[in-house]
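Student: Residues in the sequence shown are numbered consecutively from 1, following the UniProt record's numbering.
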Amino acid sequence: MVADGPSTNDEEATKWRKSVGSRRVYVVDPWVKVFIDGKEETLPSSPFVAGLIAKVDSEQSFWHSLNAKKIDVLLEQSRPIDFTLAIRSSRQII
Numbered sequence: 001m002v003a004d005g006p007s008t009n010d011e012e013a014t015k016w017r018k019s020v021g022s023r024r025v026y027v028v029d030p031w032v033k034v035f036i037d038g039k040e041e042t043l044p045s046s047p048f049v050a051g052l053i054a055k056v057d058s059e060q061s062f063w064h065s066l067n068a069k070k071i072d073v074l075l076e077q078s079r080p081i082d083f084t085l086a087i088r089s090s091r092q093i094i
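1) Mapping DSSP to helix, strand and coil, what is residue 93?
2) Using DSSP's beta-bridge definition, name the partner residues of residue 36.
3) Provide the residue span of the beta strand (DSSP E) that contains residue 68, from first to last.
4) What first and last residue would you give for the beta strand (DSSP E) that runs through residue 4?
5) Kindly give me the distance between the Cβ atoms of residue 28 and residue 2, rounded to whole angstroms, as I take these residues to be in contact under 8 Å.
6) Touch check for the stretch 30-47 and the stretch 67-78: three-plus C-beta pairs under 8 Å?
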């Protein structure tokens with residue numbers, strides 16, 4: 001199951017993730033920005049991630065990682081996420 005976090009801030013996202021009763025839930029946060037009909041819109045991330053999972057499963061099999069896979073229609077996240085490697089408190093690990 002892919003579920004959207006609150007897309008507010010890191011603290012709320014962490015709190016929301018801890019409230020989810022199963023580690024099998026694939027939580028995605030923040031939401032994403034896309035262009036629709038010439039306008040930028042902020043939308044939940046889960047449909048895009050579910051589509052990526054289906055694409056990777058179909059083209060490469062289910063055991064392939066989603067790491068470094070690109071979703072072409074996305075402009076950016078609705079809030080910045082730092083990607084500091086080897087620091088367990090960096091946002092991409094939350």
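Heads up, the beta-carbon is just placed ideally off N, CA and C, and yes, glycines get one too.
Tutor: On the basis of the coordinates in this document:
1) Note that residue 93 scores 49 on pLDDT, short of 50, meaning its location in the model is unreliable and no value can be drawn from it.
2) 39
3) Residue 68 -> no beta strand (DSSP E), and no H or E assigned at all.
4) 2-4
5) 6 Å
6) yes
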